[in-house]
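Here's the structure, in structure tokens; my notes come after.
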Amino acid sequence: MSKQWQPCAGQDVIQLRSDLLGKIRNFMNERQIMEVDTPALNLGSIPDSNIDSVSTSLSLLGSKQSFYLHTSPEAYMKRLLASGCDSIYQISKVYRDAEIGRLHQPEFSMLEWYRPEFDHHSLMDEVKALLSTLGLDNAERNSYENSFMHYLDVNPHTAPLSDLQSLAGNLGLHEESDDRSLLLEFLFSHSVSPNLGQDRPLFLYDYPECQAALARLSDTTPLTSERFELFIQGMEIANGYHELCDVNEQRERFENENRRRIQNGKAEIRIDEYFMNALQAGLPKCAGVAIGIERLLMVLSGKQHINDVMTFPIKND
Amino acid sequence: MANYSTNEFKNGLKMMIDGDPFSIVENDIVKPGKGQAFNRVKLRNLKNGRVIERTFKSGDSVEAADVMDLELQYLYSDGDMWHFMDTNSYEQYEADEKAMSESAQWLKGEEMCEVTLWNGAPLTVMPPNFVELQISESDPGVRGDTASGGTKPATLETGAVVKVPLFVEQGEIIKVDTRTAEYVSRVKD
Chain A
199 MSKQWQPCAG QDVIQLRSDL LGKIRNFMNE RQIMEVDTPA LNLGSIPDSN
249 IDSVSTSLSL LGSKQSFYLH TSPEAYMKRL LASGCDSIYQ ISKVYRDAEI
299 GRLHQPEFSM LEWYRPEFDH HSLMDEVKAL LSTLGLDNAE RNSYENSFMH
349 YLDVNPHTAP LSDLQSLAGN LGLHEESDDR SLLLEFLFSH SVSPNLGQDR
399 PLFLYDYPEC QAALARLSDT TPLTSERFEL FIQGMEIANG YHELCDVNEQ
449 RERFENENRR RIQNGKAEIR IDEYFMNALQ AGLPKCAGVA IGIERLLMVL
499 SGKQHINDVM TFPIKND
Chain B
-9 MANYSTNEFK NGLKMMIDGD PFSIVENDIV KPGKGQAFNR VKLRNLKNGR
41 VIERTFKSGD SVEAADVMDL ELQYLYSDGD MWHFMDTNSY EQYEADEKAM
91 SESAQWLKGE EMCEVTLWNG APLTVMPPNF VELQISESDP GVRGDTASGG
141 TKPATLETGA VVKVPLFVEQ GEIIKVDTRT AEYVSRVKD
């Protein structure tokens, strides 16, 4: 077996990453968004039925303690916001178990930032401005509902379950399902998202309630949440929320995610109670977004595989 | 019955879909940042070769197909069935007309064939890539005949018909590529 010691990314892409990080930091400095640094290790995590944390155990003063490697710096950064920090950003390595492929690596870089007083639309404006500084101009936006109807001719929020089921069956979903969220995710990933952002970057906003994650539910548009994602060339690049600040609703959603995990035979995730305490104390109204640095580098370099923009990715060899 | 989980999916894995055995041709994982992951899979139906696309929720499992490939020697045909033998175990297998499909026309006996077994019975039979067969019938080539592209039909001892160059004569032994059903060369005794 050959053990290639050289980096996967070429010198040009290694330089491109350096340039990209420089441009991001300039952009944040100009807007007086402060860079912060929070730990990768956390006693608790953010339960998500579809994201698996990497856990590790440390010997501390004679006792063994189990930690998660963060899947995003969200919990720690929100603790900073609740403690009085204004606009903040972070570029960090994050970890997700069992994610490997053309667009996935278990360890990857994430740019995440938070803007008090912003909602999801004003944050989309700011992401659009950042994209322009990178030469990715004229980002447009559309609602999840409009895109879904454009490509599938069915309303994702109001269509009867049976319509979604028969459509999913026709498009090759193997097992029948009465899980609305799962059907929407199948239809979206199969027939909608591959088409998005082909000519220019596209923000999709107002995701279905069942996919709210950590976003607040919309007061103005029924059945939707104030969540957005950015797509370029069919690739999901960023995910943002007008953040949920209600501690009770947040706990309910976490418990729900943990129930789904157990149903799917996965281990329960310990809820980060420090984070819950921060929400209890009061998270200022804010919007936040996370951008995958490697995916952005793929767009900027024209590379088709995530390994080609990383120095030393994990490989199956 | 054995099952495969989606995280065991790889090219060549054989599984049951809607009662038929399939083999994975392509396996793509679609994983949104938040939300359900799927395996989008292209599968070839081992009975008829047709390729379909199916999407599985990651984490689901699928029934394994009891399919294996063996190198078997063709013995003879009794008119209904074609008989094969494993030359190591001497175990014999019978293939029906459907499993033989186009393959029967290349076999006269003793050839080693790749036989795919499903639930212990031959599902498909692949003849050797090249066979050497005698021409049992072919009209003499007409000199200067260019309208037929310089070839003429020849019937082989097994009944197969292939196009051969005009200079090839009845009674000669020729080498044929069974994948394309094309004449390769004359075989000198």
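As given, the protein sequences belong to chains A and B, one line each in that order. Mapping of the first sequence onto my numbering: residues 199 to 515, in sequence order. Mapping of the second sequence onto my numbering: residues -9 to 179, in sequence order. Just so it is clear, CB atoms sit at the ideal spot from N, CA and C, and this is done for glycine as well. Keep in mind that this is a model prediction, so the values were computed, not measured.
For this session: Could you check the C-alpha separation between K483 of chain A and F265 of chain A for me, to the nearest Å?
Result: Looking up residue 483 of chain A in the first sequence gives position 285. Looking up residue 265 of chain A in the first sequence gives position 67. K483 of chain A and F265 of chain A: Cα-Cα distance of roughly 29 Å.
Exercise. Among the residues of its own chain, which have a CB less than 7 Å from the CB of E53 of chain B, if the five just before and after it don't count?
Worked result: For this step, residue 53 of chain B is matched to residue 63 along the second sequence. So the list reads M(-9), N(-7), M5 and M6, once near-sequence residues are dropped.
Exercise. What is the DSSP secondary structure of H516 of chain A, reduced to helix, strand or coil?
Worked result: The first residue shown for chain A is 199 and the last is 515, placing residue 516 of chain A beyond what the model contains.
Problem set entry | Per DSSP, cross-strand counterpart(s) of E519 of chain A | Any property of residue 519 of chain A remains undetermined from this structure, which presents chain A solely from 199 to 515.
For this session: For the alpha helix (DSSP H) holding Q478 of chain A, just list the boundary residues, first then last.
Result: Here residue 478 of chain A refers to the residue found at position 280 when the first sequence is read from its first residue. Where Q478 of chain A is concerned, the enclosing alpha helix (DSSP H) stretches over E471 to G480.
For this session: Put T(-4) of chain B into one of helix, strand or coil per three-state DSSP.
Result: The residue you call residue -4 of chain B lines up with position 6 of the second sequence. If DSSP states are grouped into helix, strand and coil, T(-4) of chain B belongs with the helices.
Exercise. Mind pulling the chain A residues with CB within less than 7 Å of R44 of chain B?
Worked result: As a first step, residue 44 of chain B must be located in the second sequence, where it is residue number 54. G370 and H372, listed in chain order.
Problem set entry | is_contact[I19 of chain B, chain A] using C-beta, thresh 7 Å | Taking the first residue of the second sequence as 1, we reach residue 19 of chain B at position 29. Yes, contact with chain A.
For this session: Taking only beta-carbon positions, decide if K24 of chain B is within less than 7 Å of chain A.
Result: Position 34 of the second sequence, counting from 1, holds the residue named residue 24 of chain B. Yes, its Cβ sits closer than 7 Å to a Cβ of chain A.
Exercise. Considering only C-alpha positions, which residue in the set A:E324, A:Q209, A:D210 and A:G220 is nearest to V487 of chain A?
Worked result: Your numbering for residue 487 of chain A matches position 289 in the first sequence. Minimum Cα distance to V487 of chain A is reached at A:E324.
Problem set entry | Interface flag, G2 of chain B vs chain A, CB-CB below 7 Å | Mapped onto the second sequence, residue 2 of chain B falls at position 12. No, its Cβ sits nowhere closer than 7 Å to a Cβ of chain A.
For this session: State the beta-bridge partners of S423 of chain A as determined by DSSP.
Result: The residue labelled residue 423 of chain A in the question sits at position 225 within the first sequence. The partner list for S423 of chain A (beta bridge, DSSP) reads A:Y405 and A:L415.
Exercise. Looking at C-beta atoms only, is the number of pairs between the stretch 117 to 126 of chain B and the stretch 90 to 104 of chain B that lie closer than 8 Å three or more?
Worked result: yes
Problem set entry | First and last residue of the uninterrupted alpha helix (DSSP H) at D361 of chain A | Locating residue 361 of chain A in the first sequence gives position 163, where the first residue counts as 1. L359 to N368 is the span of the alpha helix (DSSP H), which, as asked, contains D361 of chain A.
For this session: Could you tell me whether any Cβ in chain A is nearer than 7 Å to the Cβ of G49 of chain B?
Result: As a first step, residue 49 of chain B must be located in the second sequence, where it is residue number 59. Yes, because at least one Cβ of chain A sits closer than 7 Å to the Cβ of G49 of chain B.
For this session: Pick out whichever of A:F386, A:H318, A:Y349 and A:D470 has its Cα sitting closest to the Cα of L415 of chain A.
Result: Counting from one through the first sequence, the residue named residue 415 of chain A turns up at place 217. Cα-wise, what sits closest to L415 of chain A is A:H318.
Problem set entry | Cutoff 7 Å: G299 of chain A Cβ touching any chain B Cβ | Here residue 299 of chain A corresponds to residue number 101 of the first sequence, with the count starting at 1. Chain B, which has a Cβ nearer than 7 Å to the Cβ of G299 of chain A, makes this yes.
For this session: Assuming L428 of chain A contacts I435 of chain A (C-beta within less than 8 Å), just tell me the rounded distance between them.
Result: The sequence position of residue 428 of chain A within the first sequence is 230, counting from 1. The sequence position of residue 435 of chain A within the first sequence is 237, counting from 1. Correct: roughly 5 Å between the Cβ atoms.
Problem set entry | Simplified DSSP assignment, three categories, for R493 of chain A | In the first sequence, counting from the first residue as 1, residue 493 of chain A sits at position 295. In this structure, R493 of chain A counts as helix in the three-state DSSP scheme.
Exercise. Where does the unbroken beta strand (DSSP E) through N17 of chain B begin, and where does it stop?
Worked result: The residue you call residue 17 of chain B lines up with position 27 of the second sequence. Residues D10 to V20.
Problem set entry | Heavy atom of the ligand HEM within 6 Å of L421 of chain A beta-carbon | As presented, the structure is devoid of all ligands, the ligand HEM included, so that no description of it is given.
Problem set entry | Partners in chain A for A27 of chain B, counting only beta-carbon separations shorter than 7 Å | Residue 27 of chain B sits at position 37 when you count from the first residue of the second sequence. Residues of chain A passing the Cβ test: N248.
Exercise. What's the C-alpha gap between E240 of chain B and Q502 of chain A?
Worked result: The question about residue 240 of chain B has no answer, for chain B in this structure spans -9 to 179.
Exercise. When DSSP labels each residue in this structure, what does H503 of chain A get in the three-state scheme?
Worked result: Locating residue 503 of chain A in the first sequence gives position 305, where the first residue counts as 1. The answer is coil: DSSP assigns H503 of chain A none of H, G, I, E or B.
Exercise. Rounded to a whole number of angstroms, what is the C-alpha to C-alpha distance between E100 of chain B and F74 of chain B?
Worked result: Taking the second sequence and counting its residues from 1, the one referred to as residue 100 of chain B is at position 110. Taking the second sequence and counting its residues from 1, the one referred to as residue 74 of chain B is at position 84. Spanning the two alpha carbons is a distance of roughly 9 Å.
Problem set entry | Range covered by the beta strand (DSSP E) that runs through E43 of chain B | The count along the second sequence starts at 1 and reaches residue 43 of chain B at position 53. From DSSP, the beta strand (DSSP E) with E43 of chain B extends over V41 to K47.
Exercise. Going by beta carbon distance, what residues of the same chain come within less than 8 Å of C408 of chain A, once the five residues before and after it are set aside?
Worked result: Translated into positions along the first sequence, residue 408 of chain A becomes position 210. Correct list, in chain order: R378, S379 and L382.
For this session: Starting from E434 of chain A, find everything on chain B with Cβ-Cβ shorter than 9 Å and list it in chain order.
Result: The sequence position of residue 434 of chain A within the first sequence is 236, counting from 1. Correct list: P22 and G23.
Problem set entry | Among A:L412, A:A411 and A:S391, nearest to L402 of chain A - alpha-carbon criterion | For the purposes of this step, residue 402 of chain A is identified with residue 204 of the first sequence, where counting begins at 1. Out of A:L412, A:A411 and A:S391, A:S391 has the C-alpha closest to the C-alpha of L402 of chain A.
Exercise. Among A:E233, A:S389 and A:E305, which one has its Cα closest to the Cα of Y312 of chain A?
Worked result: Locating residue 312 of chain A in the first sequence gives position 114, counting from the first residue. Closest option to Y312 of chain A, Cα to Cα, is A:E233.
Problem set entry | F386 of chain A burial status per 10 Å Cβ neighbour count (16 or more: buried) | Sequence index remark: in the first sequence, residue 386 of chain A carries index 188 (1-based). By the neighbour-count rule (16 or more Cβ atoms within 10 Å), F386 of chain A is buried.
Exercise. Hey, out of A:N514, A:E471, A:E343 and A:P304, whose CA is closest to G23 of chain B's CA?
Worked result: If you number the second sequence from 1, residue 23 of chain B lands on position 33. Answer by Cα proximity: A:P304.
Problem set entry | Same chain only: Cβ atoms within 7 Å of A366 of chain A, ignoring 5 sequence neighbours per side | Reading the first sequence from its first residue, position 168 is the one you call residue 366 of chain A. Cβ within range, chain order: L381, F384 and L385.
Exercise. Would you report the Cα separation of L332 of chain A and D376 of chain A, rounded to the nearest angstrom?
Worked result: In the first sequence, residue 332 of chain A corresponds to position 134, counting from 1. In the first sequence, residue 376 of chain A corresponds to position 178, counting from 1. Cα to Cα, the separation comes out at about 43 Å.
Exercise. At a CB-CB cut-off below 8 Å, which residues of chain B make contact with A411 of chain A?
Worked result: For the purposes of this step, residue 411 of chain A is identified with residue 213 of the first sequence, where counting begins at 1. Near A411 of chain A (Cβ distances below 8 Å), the residues of chain B are K24.
For this session: Please decide whether N437 of chain A counts as near chain B, where near means a Cβ-Cβ distance under 7 Å.
Result: One-based indexing of the first sequence puts residue 437 of chain A at position 239. N437 of chain A counts as touching chain B.
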